[in-house]
Amino acid sequence: NAGVTQTPKFQVLKTGQSMTLQCAQDMNHEYMSWYRQDPGMGLRLIHYSVGAGITDQGEVPNGYNVSRSTTEDFPLRLLSAAPSQTSVYFCASSYSGQGALETQYFGPGTRLLVL
Amino acid sequence: DAKTTQPNSMESNEEEPVHLPCNHSTISGTDYIHWYRQLPSQGPEYVIHGLTSNVNNRMASLAIAEDRKSSTLILHRATLRDAAVYYCVFQGAQKLVFGQGTRLTINP
Chain A
25 NAGVTQTPKF QVLKTGQSMT LQCAQDMNHE YMSWYRQDPG MGLRLIHYSV
75 GAGITDQGEV PNGYNVSRST TEDFPLRLLS AAPSQTSVYF CASSYSGQGA
125 LETQYFGPGT RLLVL
Chain B
17 DAKTTQPNSM ESNEEEPVHL PCNHSTISGT DYIHWYRQLP SQGPEYVIHG
67 LTSNVNNRMA SLAIAEDRKS STLILHRATL RDAAVYYCVF QGAQKLVFGQ
117 GTRLTINP
């Protein structure tokens, strides 16, 4: 199993540009989520999904869109990039989003720099 | 929303036990407590989680106070590989809320 994969590893954008961060998992996990981590800070939840076709907002959803058309993929779209979105973005997945969240498997992260 | 409070940093010696504290005084009765750790330039790694009772696994133990307002992650015998940032995380509904984390340094 490849686990959770994220592409690209690093990206530089100009203010106002849009882009999609890709996240895929091959473990047949129902629950997937996106976090951002600013320097020296903990992770903050952006959006999450408990299954294909179902998404919901986390702590910091503004400026980001998600969709979940398949179990495997959970892309994160930046609509109009701003310098405040410079961060490291992590995708995570787990078997189920019911009850106690199962072990979250995190991807390696995408480093995004917005100029 | 419930939040967690952790010391910014802690230091310990190799092969000694380490107790990492976390305060979560506003936690609700149904919120689970999770612990994750993060090595430099990597995504977080699951350590342990619990609700009310103390929990043990091969990596660590989790001691939860009777009033659930605090918990302690216990590494029984620290190694150099345990040096990382440790996050106390509470689970509200289907969301994980990370604290600021404790940077653990292990001295040889």
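Protein chains in written order, with the working numbering: chain A, 25 to 139; chain B, 17 to 124. Cβ atoms here follow ideal geometry from the backbone N, Cα and C, with glycine treated the same way. Computed from a predicted model, the values in this text were never measured in an experiment.
Setting aside the 5 residues that flank it on each side, B/L55 is surrounded in the same chain by A100, each with a C-beta closer than 7 angstroms to its C-beta; the list follows chain order. For the pair B/T95 and B/S57, the Cα-to-Cα distance works out to about 20 angstroms. Burial state of B/R74 is exposed, judged by a 10 Å Cβ sphere holding fewer than 16 other Cβ atoms. Under the criterion of beta carbons closer than 8 angstroms, A/F98 and A/M43 do not qualify as touching, at roughly 15 angstroms. By the beta-carbon neighbour count (other beta carbons within 10 angstroms, threshold 16), A/A105 is buried. Apart from sequence neighbours up to five positions away, the residues of its chain that approach B/R84 with a beta-carbon distance below 7 angstroms are I43 and T68, ordered along the chain. Taking 9 angstroms as the upper bound on Cβ-Cβ separation, chain B lies near residues L67, R68, L69, Y72, V74, D80, G82 and E83 of the stretch 67–101 of chain A.
Distance between B/L120 and B/M26, taken at the CA atoms: about 5 angstroms.
Taking 8 angstroms as the upper bound for CB-CB distance, B/Y102 and B/T118 are in contact here, some 5 angstroms apart. Contacts with chain A (Cβ-Cβ distance below 8 angstroms) from the stretch 104–121 of chain B involve Q107, Q110, K111, L112, V113, F114, G115, Q116 and G117, listed in chain order. Taking A/P107 as reference, the option from A/E96, A/G87 and A/M51 with the minimal CA-CA separation is A/G87. Listed along the chain, the chain A residues whose CB falls inside 7 angstroms of the CB of B/P23 amount to none; the nearest CB is some 14 angstroms away.
Unbroken beta strand (DSSP E) runs of no fewer than 3 residues, entirely contained in the stretch 54–83 of chain B, are found at 61–66 and 77–80, following chain order.
A direct Cα-Cα distance of roughly 39 angstroms separates B/A81 from A/N89.
Annotation for A/G75: E54 place their beta carbon closer than 6 angstroms to its own, counting only its chain and skipping 5 residues before and after. B/G45 and B/A109 have their C-alpha atoms spaced approximately 11 angstroms apart. Annotation: A/S118 to A/F34 spans about 24 angstroms, alpha carbon to alpha carbon. With respect to chain B, the C-beta atom of A/Y129 has a partner C-beta closer than 9 angstroms. Close to chain A, meaning a Cβ-Cβ distance shorter than 9 angstroms, are the following residues of the stretch 56–80 of chain B: S57, Q58, G59, P60, E61, Y62, H65, G66 and L67. Bridge partners of B/A100 according to DSSP: B/L120.
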